[in-house]
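Take a look at the structure below.
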Amino acid sequence: MTRHQNTTDELDPAVAAELDALERALTGEPGADPVLSELVREVRADIPAFDGPARASLDARVEAGFPRGGRDGTTGFLARLKPSGPLFRPALSLAAVAVLGLAVTTVALNGTGGGDVGGSALSSVAEDSSVPESTGAATAGDAAPPAPGAAAQQQALEDSTASRESAAPNAAIAPTPPTGSVGALAGRRRVERSAQLSLTTKPEDVQGVSDGVIRTVQALGGVVASSRISIAPDGGESFFELQLPTSKLDRAIAQLSKLASVSGLTQDSQDITGSFVSVADRLQDARDERAALLKALSRAQTDRQVSSLRARIADSRTRIASAQADLQRLKNRTDKATVALTVTGDPTAGDPAGKGEDEGGAWTPGDALRDAGRVLEVAAGVAVVGAAVLLPLGLLALLGHGAARVTRRRARERTLDATA
Amino acid sequence: MSDTLTMALPHQNTARMAFDALYRQTADDVFAYVLSLLRDRSASEDVTAAVYERAYRKRSGFKPDRGTERAWLFGIARNAALDELRRRSRTAALVVEPDDPGASAAFDAAHDDTEAVDRRATVRAALATLEPRDRELVALKFQAGLTNVEIAGVLRISEANAGTRIHRAVTKLREACS
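Next up, the structure:
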């Protein structure tokens, strides 16, 4: 671009003409305005020279490429990170934003539990509805309200201080001595528990889920009382009647629920403490009667008395045996929980909440893919949370930076005016 | 610098040589411009050194589509000089280094006749009466030799605005000289 191209159409024509004349004087063109040429010559003649030690020193530094090195010996990046360095404020801001983002992300992750939502929620439902106070039913979608007093009551009754999961059911099925006292029996709640669980999976997975059911039950010390498995290309169904230690019912439901999608869960509990106490009382009465009869027999003096007492003792023995049998039946009902489990094959079924994590099966490439997807989901969640925090902060920082630049620029202009 | 030399040298060396050339072409002009703003030779020397160091560090940030290298360099010089003025205004009242009339007179006497000396003194006095913004424009136009487009880039104003201001400053200078 030549100096004659400086003027634009926006300028006043007279001003543009005078600027053109100035350009001609500056370039020393012949025919330029002599007054302007003289002015240019005089101004330029008064240009101060940049020489002396300062010039020599700068020449050397330019020649050397401005080697870094502070007067205190600090060099390079560290020197720029010092409080007086140009990178100090940006580095401080970046560190503050990073710490804030990390804190918020950590809080957010802790707040949501960090994953495994399905399994945890399901386990929670199962545990909360473990031992209701009274007979009732609970489903996965509409859980019966937990009995607030039941757990505390059972804890108080429990002799041991075992964990809640084992303590609460143990209170229900704590083994009673064959000649257990009526008072002790009356102080404990006897609850019979059962559950109906419906799982849905893809048709091709019905067999695998059924195998997982059996493995899970065996691992928990239970038995498969009966089973029926039918496999079909477009569906398939399997049914199990399981008997499990009542103390492990909650854990069993949680683990079984991870094998496939839970389509239904119903838990029943029935308080049979009254029946238990009644039978125990009957047993105790029979024993007391027998003891009294034996005592009377030892004092009998006639054959007729002896014969009569022996007949009554035999009758008492029969009643004792009957009561003991009844008590054992009741105890069996509280010791073992029954679970009716149905696995249904459905082509539209989704993946189970926790399949591959704890069902006891082999870890397959499919599980690996699911785990990888889960990891990506969590990573995406973290990224979203981080972005939710960092984006506003970044925008604020950007606005602040822009405002600071404008302010600094205006301050410079004011400084120039102030030197007048 | 020849094209052959440019192609043969590594990029780092090429960039350094280009900067070295820019420095040698502009050092006097930048110093004169900074001095016109600060009116303190010692401070101007320091600021000029800082300008080139800053330019050297930020040379990768220069964008040719946004102006010439000279305009970019004088923009850095302007910011550095005004920052120095701000710093000094915060710490103490601006102490303007008085001109050395003896040195100028001796230089003038050695090289020019009496009439020329008088003319130069008149112009010098006229420049001193200008407002800082006008004096800055004269320095950029007469001493540094920037085009109107480059001056507009340095001052961050439009080219037409720059032309108008230059015209006004020159008019004032001519009136002060007459």
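These protein sequence lines are chains A and B, in that order. When we follow this note's numbering, the leftmost residue of the first sequence carries the number 2, and every step to the right adds one. When we follow this note's numbering, the leftmost residue of the second sequence carries the number 19, and every step to the right adds one. Where is the CB? At the ideal position from N, CA and C, for every residue including glycine. As the structure is a prediction and not an experimental result, all values here were calculated from the model.
In whole angstroms, give me the CA-to-CA distance for residue i and residue j.
i: Glu193 of chain B; j: Arg62 of chain A; result: 43 Å
i: Gln219 of chain A; j: Arg334 of chain A; result: 19 Å
i: Ser62 of chain B; j: Arg138 of chain B; result: 23 Å
i: Gln306 of chain A; j: Ala341 of chain A; result: 56 Å
i: Glu193 of chain A; j: Arg330 of chain A; result: 11 Å
i: Ile1 of chain A; j: Gln271 of chain A; result: As displayed, chain A neither begins before 2 nor continues past 421, which places residue 1 of chain A out of reach and without an answer.
i: Leu155 of chain B; j: Ile169 of chain B; result: 8 Å
i: Trp90 of chain B; j: Arg371 of chain A; result: 56 Å
i: Val386 of chain A; j: Arg90 of chain A; result: 26 Å
i: Gly137 of chain A; j: Gln256 of chain A; result: The predicted position of Gly137 of chain A is uncertain, since its pLDDT is 39 and thus under 50; a value taken from the coordinates is nonetheless stated next. Rounded to whole angstroms, Gly137 of chain A to Gln256 of chain A spans 23 Å at the Cα level.
i: Leu396 of chain A; j: Ala57 of chain A; result: 46 Å
i: Arg411 of chain A; j: Leu400 of chain A; result: 16 Å
i: Asn179 of chain B; j: Ala388 of chain A; result: 43 Å
i: Ala157 of chain B; j: Ala380 of chain A; result: 59 Å
i: Gly367 of chain A; j: Ala73 of chain B; result: 58 Å
i: Ala324 of chain A; j: Arg291 of chain A; result: 13 Å
i: Glu87 of chain B; j: Phe80 of chain B; result: 8 Å
i: Thr369 of chain A; j: Phe240 of chain A; result: The sequence shown places Ala at residue 369 of chain A, rather than the Thr named in the question. Those two C-alpha atoms are separated by around 29 Å.
i: Ile94 of chain B; j: Val44 of chain A; result: 24 Å
i: Asp47 of chain B; j: Thr107 of chain A; result: 57 Å
i: Gly181 of chain B; j: Glu24 of chain A; result: 11 Å
i: Ala373 of chain A; j: Gly382 of chain A; result: 14 Å
i: Thr416 of chain A; j: Arg104 of chain B; result: 6 Å
i: Ser94 of chain A; j: Ala405 of chain A; result: 14 Å
i: Leu284 of chain A; j: Lys337 of chain A; result: 23 Å
i: Asp347 of chain A; j: Pro204 of chain A; result: 6 Å
i: Ala312 of chain A; j: Ala326 of chain A; result: 21 Å
i: Asp58 of chain B; j: Glu133 of chain B; result: 28 Å
i: Ala398 of chain A; j: Leu191 of chain B; result: 45 Å
i: Thr247 of chain A; j: Gly275 of chain A; result: 19 Å
i: Ala39 of chain B; j: Arg413 of chain A; result: 30 Å
i: Arg34 of chain B; j: Asp60 of chain A; result: 13 Å
i: Ile175 of chain B; j: Thr147 of chain B; result: 24 Å
Can you find the residues in the same chain that come closer than 7 Å, C-beta to C-beta, to residue i, ignoring five residues on each side of it along the sequence?
i: Pro176 of chain A; result: With a pLDDT of only 41 at Pro176 of chain A, under 50, the local geometry of the prediction cannot be trusted, and the value read off the model is given with reservation. For Pro176 of chain A, where only same-chain residues beyond five positions count, there are no Cβ hits under 7 Å.
i: Val65 of chain B; result: Val52, Leu56, Ala98, Ala99 and Glu102
i: Ser54 of chain B; result: Arg153, Glu154 and Ala157
i: Thr44 of chain B; result: Arg88 and Leu91
Would you please state the rounded distance, in angstroms, between the beta carbons of residue i and residue j? I believe it to be under 8 Å.
i: Thr217 of chain A; j: Ala350 of chain A; result: Not a contact, Cβ separation roughly 19 Å.
i: Glu149 of chain B; j: Phe67 of chain A; result: Not really, about 35 Å apart at Cβ, beyond 8 Å.
i: Ser228 of chain A; j: Val344 of chain A; result: The pair is not a contact, with the Cβ atoms about 10 Å apart (cut-off 8 Å).
i: Pro287 of chain A; j: Ser317 of chain A; result: Note on residue identity: the sequence assigns Ala, not Pro, to residue 287 of chain A. Going by Cβ atoms, the distance from Ala287 of chain A to Ser317 of chain A rounds to 6 Å, so yes, they are a contact pair.
i: Val188 of chain B; j: Arg96 of chain B; result: So it is not a contact: roughly 20 Å between Cβ atoms.
i: Phe49 of chain B; j: Arg77 of chain B; result: Not a contact, Cβ separation roughly 19 Å.
i: Ile314 of chain A; j: Leu295 of chain A; result: 7 Å
i: Leu37 of chain A; j: Ala22 of chain A; result: 6 Å
i: Thr339 of chain A; j: Gln244 of chain A; result: 6 Å
So, is residue i buried or exposed, given that buried needs 16 or more other C-beta atoms within 10 angstroms?
i: Gly237 of chain A; result: buried
i: Leu145 of chain B; result: buried
i: Asp304 of chain A; result: exposed
i: Ser60 of chain B; result: exposed
i: Val14 of chain B; result: Past the boundaries of the shown model lies residue 14 of chain B; chain B is included only from 19 to 196, so the question cannot be answered.
i: Val376 of chain A; result: exposed
i: Lys159 of chain B; result: buried
i: Lys259 of chain A; result: buried
i: Ala97 of chain A; result: exposed
i: Val407 of chain A; result: exposed
i: His185 of chain B; result: buried
i: Asp425 of chain A; result: Coverage of chain A is limited to positions 2 through 421, which leaves residue 425 of chain A absent and any answer about it impossible.
i: Val224 of chain A; result: exposed
i: Ala162 of chain B; result: buried
i: Ser262 of chain A; result: buried
i: Gly32 of chain A; result: exposed
i: Gly213 of chain A; result: buried
Please work out which residues of its chain come closer than 6 Å, Cβ to Cβ, to residue i, disregarding the five sequence neighbours upstream and downstream, and give them in chain order.
i: Val41 of chain A; result: Ala26 and Leu27
i: Lys249 of chain A; result: Leu221
i: Gly29 of chain A; result: none
i: Ala199 of chain A; result: In the sequence as presented, Ala is not what sits at residue 199 of chain A; that position holds Ser. Cβ neighbours of Ser199 of chain A beyond the five flanking positions: Ser264, Gly265 and Thr343.
i: Ala15 of chain A; result: none
i: Arg84 of chain B; result: none
Under 8 Å Cβ to Cβ from residue i, same chain only, skipping five residues before and after it: list those, please.
i: Glu177 of chain B; result: Asn166, Val167 and Ala170
i: Pro310 of chain A; result: Inspection of the sequence shows that residue 310 of chain A is occupied by Leu rather than by Pro. Closer than 8 Å at the Cβ level, and outside the excluded window around Leu310 of chain A, lie Leu294, Ala297, Leu298 and Ala301.
i: Ile48 of chain A; result: none
What do you reckon, is the C-beta of residue i under 8 Å from a heavy atom of the ligand FMN?
i: Thr44 of chain B; result: The ligand FMN is not part of the structure shown, which contains no ligands of any sort.
* Residues within the segment 26-41 of chain A neighbouring chain B, beta-carbon criterion of under 9 Å -> So the close ones are Leu27, Val36, Leu37, Glu39, Leu40 and Val41.
* Contact residues within the segment 61-79 of chain B, judged by C-beta distance below 9 Å to chain A -> Taking 9 Å as the cut-off between beta carbons, the residues of the segment 61-79 of chain B near chain A are Ser62, Glu63, Asp64, Thr66, Ala67, Tyr70, Glu71, Tyr74 and Arg75, in sequence order.
* To do: Could you please tell me which residues of the segment 154-168 of chain B, in chain order, have their CB closer than 8 Å to any CB of chain A?
  => Within the segment 154-168 of chain B, the qualifying residues are Glu154, Val156, Lys159, Phe160, Gln161, Gly163, Thr165, Asn166 and Val167.
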